[in-house]
Amino acid sequence: MNIAIIGGSGGIGRTFVEILADRPGVDAIHATYNRTPPPFEHPAVSWHSLDITDEAAIRRWAQNLGELDWLINAVGMLHDPEQGPEKSIRHLDPAFFMQNMSLNALPMFLLARHLQPHFTHGRPAIFATISAKVGSIEDNRLGGWYSYRASKAALNMGLKTLAIEWQRTLPNVTVAALHPGTTDTALSRPFQRHVPPGQLQSPAYTVNALLNVLDNLTPEQTGKFWAFDGEQLPW
Ligand SMILES: NC(=O)c1ccc[n+]([C@@H]2O[C@H](COP(=O)([O-])OP(=O)(O)OC[C@H]3O[C@@H](n4cnc5c(N)ncnc54)[C@H](OP(=O)(O)O)[C@@H]3O)[C@@H](O)[C@H]2O)c1
Numbered sequence: 147m148n149i150a151i152i153g154g155s156g157g158i159g160r161t162f163v164e165i166l167a168d169r170p171g172v173d174a175i176h177a178t179y180n181r182t183p184p185p186f187e188h189p190a191v192s193w194h195s196l197d198i199t200d201e202a203a204i205r206r207w208a209q210n211l212g213e214l215d216w217l218i219n220a221v222g223m224l225h226d227p228e229q230g231p232e233k234s235i236r237h238l239d240p241a242f243f244m245q246n247m248s249l250n251a252l253p254m255f256l257l258a259r260h261l262q263p264h265f266t267h268g269r270p271a272i273f274a275t276i277s278a279k280v281g282s283i284e285d286n287r288l289g290g291w292y293s294y295r296a297s298k299a300a301l302n303m304g305l306k307t308l309a310i311e312w313q314r315t316l317p318n319v320t321v322a323a324l325h326p327g328t329t330d331t332a333l334s335r336p337f338q339r340h341v342p343p344g345q346l347q348s349p350a351y352t353v354n355a356l357l358n359v360l361d362n363l364t365p366e367q368t369g370k371f372w373a374f375d376g377e378q379l380p381w
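Going by the working numbering, 289 is the number at position 143 of the sequence shown; the sequence numbering is gapless.
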């Protein structure tokens, strides 16, 4: 298997790289990082610097890739040093909104556009992006977090739309949105005090659970939103 992991330097992405690198049957992992240098070396892993907001860089990177069996996009943001998710519409900042869109939604569209040729081999394949349950419109009961929720909802719509297109043109590919559950990473750290005791997952727990979901997906299940525990979530 040849696997691409985008955001392999993040809490969840790095753990995907670590666990998959030692998996029998995995030949090569193409892992990307942006500001955090490659966290470790492994003979199966090649690291590439990639700013996912730079479409020309994605195009150049894609040109050097061969066939892909899995792509896992683990890039994302919830806060930056200046700003966190909004509690009220009064806190909405257009620049922060667009930053959420450019890191949580747009990368999947660009990856699909430029990596599509790498999935034409006909073998069952997976194109997955880490979304978040808070991006579910149906499941939104608490409100708040306008920019993050809206960007993950846009991501989800993109994945669903891509699944419909690829059912016609790339029927071997399962397109999936994944909810990891609240996981102990830099992204969730400022919000962990609100997590009920015992519910904060280690990255290893999350990734093993998500791998269990991915291992059991078939192309007939394309275009769905999966939680780490295998539950199918409403869009
Ligand atoms: N942790 C949770 O509880 C939780 C819950 C629900 C959903 N999620 C989702 O899970 C995904 C992974 O989150 P995480 O918790 O692992 O967060 P994280 O540790 O903060 O990792 C974020 C990743 O995004 C990458 N990234 C940021 N800007 C980038 C850019 N311009 N170009 C390329 N890569 C960029 C980072 O790369 P560098 O560090 O190299 O810059 C890093 O690899 C996100 O989509 C997040 O929304 C997480």
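Yeah, the Cβ is synthetic: ideal placement off N, Cα and C, and Gly gets one too.
This structure is a prediction, so every number in the text was calculated from the model and none was measured.
Residue i Cβ short of 7 Å to ligand 1 heavy atom set
i	result
Thr328	yes
Tyr292	no
Gly304	no
Tyr351	no
Met247	no
Gly212	no
Ser155	yes
Gly230	no
Ile198	yes
Leu217	no
Thr315	no
Thr320	no
Thr182	yes
Met223	yes
Leu288	no
Ile204	no
Ser334	yes
Asn250	yes
Thr364	no
Gly171	no
Ile175	no
Ile276	yes
Thr307	no
Ala220	yes
Gly159	yes
According to DSSP, residues forming a beta bridge with residue i
i	result
Gln378	Trp372
Thr161	Thr161 pairs with nothing; no bridge assigned.
Ile218	Ile151, Ala274
Ala177	Ile151, Trp193
Thr320	Ile272
Gln347	Thr329
CB of residue i within 8 Å of CB of residue j, strictly
i	j	result
Ile235	Phe162	no
Pro270	Pro365	yes
Trp381	Glu232	no
Gly281	Leu301	yes
Leu166	Asn180	no
Ala220	Gly153	yes
Ala323	Thr275	yes
Pro336	His225	yes
Ala208	His176	no
Phe374	Gly344	no
Thr329	Thr352	yes
Pro342	Thr331	no
Gln229	Phe243	no
Asn148	Ala190	no
His340	Ser277	no
Ala355	Gly304	no
Thr182	Ser155	yes
Phe273	Val321	yes
Kindly confirm or deny that the segment 296-307 and the segment 241-251 touch, where touching means at least three C-beta pairs closer than 8 Å. The segment 296-307 makes contact with the segment 241-251, as at least three CB pairs between them are under 8 Å.
Does the segment 260-273 come close enough to the segment 209-228 that 3 or more CB-CB pairs lie under 8 Å? Here the segment 209-228 makes contact with the segment 260-273; the two share three or more CB pairs at distances below 8 Å.
Tell me whether the segment 306-313 and the segment 354-362 touch, counting them as touching only if at least three CB pairs, one residue from each stretch, are closer than 8 Å. At 8 Å Cβ cutoff, the stretches do not touch.
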